[in-house]
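Peer 1:
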Amino acid sequence: MSISDAQALRYARHLNLSDVGPSGQEKLLKARVLVVGAGGLGSPVILYLAAAGVGTIGVVDDDEVDLSNLQRQVIHTTARVGTPKADSAKVAVGALNPDVNLRVHRERLKFDNIATLIADYDIVADGSDNFDTRFLVNDACFFARKTLVSAAVLRFDGQLSTYKPHAGGPCYRCVFGEAPPDDVWTCSQVGILGAVAGVMGTLQATEVLKEILVLGESMAGRLLIHDALSATSRLVKINRDPGCALCGDAPTIRDLSIHAASNGGVCSV
Amino acid sequence: MSATMNIIVNGEPRAFHAGGSVAALLTSLGIDRRKVAVERNLEIVPKSAFDTTALTDGDKLEIVHFIGGG
Numbered sequence: 005m006s007i008s009d010a011q012a013l014r015y016a017r018h019l020n021l022s023d024v025g026p027s028g029q030e031k032l033l034k035a036r037v038l039v040v041g042a043g044g045l046g047s048p049v050i051l052y053l054a055a056a057g058v059g060t061i062g063v064v065d066d067d068e069v070d071l072s073n074l075q076r077q078v079i080h081t082t083a084r085v086g087t088p089k090a091d092s093a094k095v096a097v098g099a100l101n102p103d104v105n106l107r108v109h110r111e112r113l114k115f116d117n118i119a120t121l122i123a124d125y126d127i128v129a130d131g132s133d134n135f136d137t138r139f140l141v142n143d144a145c146f147f148a149r150k151t152l153v154s155a156a157v158l159r160f161d162g163q164l165s166t167y168k169p170h171a172g173g174p175c176y177r178c179v180f181g182e183a184p185p186d187d188v189w190t191c192s193q194v195g196i197l198g199a200v201a202g203v204m205g206t207l208q209a210t211e212v213l214k215e216i217l218v219l220g221e222s223m224a225g226r227l228l229i230h231d232a233l234s235a236t237s238r239l240v241k242i243n244r245d246p247g248c249a250l251c252g253d254a255p256t257i258r259d260l261s262i263h264a265a266s267n268g269g270v271c272s273v
Numbered sequence: 007m008s009a010t011m012n013i014i015v016n017g018e019p020r021a022f023h024a025g026g027s028v029a030a031l032l033t034s035l036g037i038d039r040r041k042v043a044v045e046r047n048l049e050i051v052p053k054s055a056f057d058t059t060a061l062t063d064g065d066k067l068e069i070v071h072f073i074g075g076g
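Residue numbers (this note's numbering), protein chains in the order written: chain A, 5 to 273; chain B, 7 to 76.
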């Protein structure tokens with residue numbers, strides 16, 4: 005692959021960066037990233053990955069754009085209320101960067117479709133809105149040995165980490181165990197300051213780009229906890245849990261069948 | 007009477023019985039262990055070690071609530 009004149013201009017600020025340069029830009033153009041959820045986190049993730057020239061971006065979302073989404077889901081527009089979010093993301097990305105092949109997956113991730121879906125991608129960015137999906141994505145990425153960059157937001161708070169147990173380090177279950185008994189922490193009535201999703205989604209996009217480019221320090225083994233109200237972030241160490249049901253020394257989860265009973269949850273911020 | 011130690015939970019000093027576990031602390035705080043991760047001195051305590059991890063004097067703990075919004 006060689007970079008065209010138009011691409012040399014479009015990606016000039018990447019090509020200037022000594023740690024990216026032409027070879028890094030070619031890595032981005034060849035990269036394949038699956039974004040789970042085109043919502044508050046997915047919006048900046050998709051936009052920044054597209055702007056960066058990530059060549060193939062898959063977007064999984066079975067929801068439609070709602071007026072109440074637009075306070076934070078900046079990839080969508082008022083005119084596209086009622087259209088599927090994945091299609092809306094494709095329109096936005098098409099207008100932003102024709103280098104990007106955005107693949108629309110208008111479906112809900114389930115135990116029996118996720119493995120096929122993620123097989124086509126190098127990295128998964130989870131910005132979903134419920135714990136059932138988050139644990140499903142984690143487990144599927146573990147079995148498929150895919151790097152998972154996972155972010156979550158609520159109210160004024162955000163959390164972010166990268167899970168790649170195939171390269172050492174913990175998985176999402178090592179930190180969070182299993183889905184909490186109810187979904188009070190994700191329901192729409194709790195609310196979110198829209199820009200917090202922008203902060204965390206942009207950090208998430210940054211970490212995806214770092215993983216593609218193999219730059220700097222990975223977030224694997226570290227959890228970033230952001231508190232917008234105090235304007236502070238802290239990094240805490242997370243280790244692989246030998247007692248983890250998925251990646252521990254005596255795992256009890258051997259496949260995705262434990263997710264068969266789940267309908268994926270429906271509440272969203 | 008058992009000995010007590012001083013720990014800091016979410017930035018607030020707190021007395022707790024010496025050698026008490028992470029699980030015991032959550033119980034005393036009335037927190038459902040399924041809904042939180044526990045950070046001890048800037049390190050997350052593995053879920054499977056809540057019962058066996060003994061706190062020590064001066065520990066700084068943060069209760070990290072699960073958030074799952076996107």
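Beta carbons are placed, not taken as given, at the ideal position from N, Cα and C, and that holds for glycine.
Going along the chain, which residues of the segment 124-144 of chain A sit with their C-beta nearer than 8 Å to a C-beta in chain B?
Peer 2: 130, 131, 132, 133, 134, 135 and 138
Peer 1: Quick one: grab the DSSP three-state call for residue 259 of chain A.
Peer 2: coil
Peer 1: Apply the 10 Å Cβ neighbour rule to residue 143 of chain A and answer buried if 16 or more other Cβ atoms are within range, or exposed otherwise.
Peer 2: buried
Peer 1: Kindly indicate if chain B contains any beta-carbon less than 9 Å away from that of residue 248 of chain A.
Peer 2: yes
Peer 1: Report yes or no: is there a C-beta of chain B within less than 9 Å of the C-beta of residue 161 of chain A?
Peer 2: yes
Peer 1: My parser needs the beta strand (DSSP E) runs of 3 or more residues fully inside the segment 43-118 of chain A; what are they?
Peer 2: Counting only runs that start and end inside the segment 43-118 of chain A, the beta strand (DSSP E) elements of at least 3 residues fall at 60-64 and 105-109.
Peer 1: Note down the Cα distance separating residue 51 of chain A from residue 216 of chain A, rounded to an integer number of angstroms.
Peer 2: Each residue's alpha carbon lies about 16 Å from the other.
Peer 1: Whose Cβ in chain B lies nearer than 8 Å to the Cβ of residue 157 of chain A?
Peer 2: 73, 75 and 76
Peer 1: Would you give the residue range spanned by the alpha helix (DSSP H) that residue 25 of chain A belongs to?
Peer 2: 25-34
Peer 1: What is the DSSP secondary structure of residue 15 of chain A, counted as helix, strand or coil?
Peer 2: Correct three-state label for residue 15 of chain A: coil.
Peer 1: For residue 43 of chain B, verify whether its CB is less than 8 Å away from any heavy atom of the ligand PLP.
Peer 2: The ligand PLP is absent from the structure shown, which contains no ligand whatsoever.
Peer 1: So, is residue 238 of chain A buried or exposed, given that buried needs 16 or more other C-beta atoms within 10 angstroms?
Peer 2: Looking at its Cβ environment, which holds fewer than 16 other Cβ atoms inside 10 Å, residue 238 of chain A is exposed.
Peer 1: Look at residue 137 of chain A and residue 145 of chain A and say whether their C-beta atoms are less than 9 Å apart.
Peer 2: no
Peer 1: Going by Cα to Cα distance, which pick from A/174, A/194 and A/257 is closest to residue 276 of chain A?
Peer 2: Chain A is shown only over 5 to 273; residue 276 of chain A falls outside these bounds and no answer can be derived.
Peer 1: When you compare the CB positions of residue 260 of chain A and residue 71 of chain A, do they come within less than 9 Å of one another, or not?
Peer 2: no
Peer 1: So with Cβ pairs under 9 Å, would you call residue 10 of chain A a contact of chain B?
Peer 2: no
Peer 1: Kindly indicate which residue of A/68, A/43, A/56 and A/58 has the alpha-carbon position closest to the one of residue 79 of chain A.
Peer 2: A/43
Peer 1: Thinking C-alpha only, which one of A/209, A/115 and A/92 is nearest residue 56 of chain A?
Peer 2: Selected option, being the one with the closest Cα: A/209.
Peer 1: Contact check, residue 160 of chain A vs residue 228 of chain A under 8 Å by CB: the rounded distance?
Peer 2: Actually they do not touch by this definition, with Cβ atoms about 15 Å apart.
Peer 1: Can you give me the C-alpha to C-alpha distance between residue 130 of chain A and residue 207 of chain A, rounded to a whole angstrom?
Peer 2: Approximately 13 Å, taken between the alpha carbons.
Peer 1: Thinking C-beta only, is residue 66 of chain A closer than 9 Å to residue 88 of chain A?
Peer 2: yes
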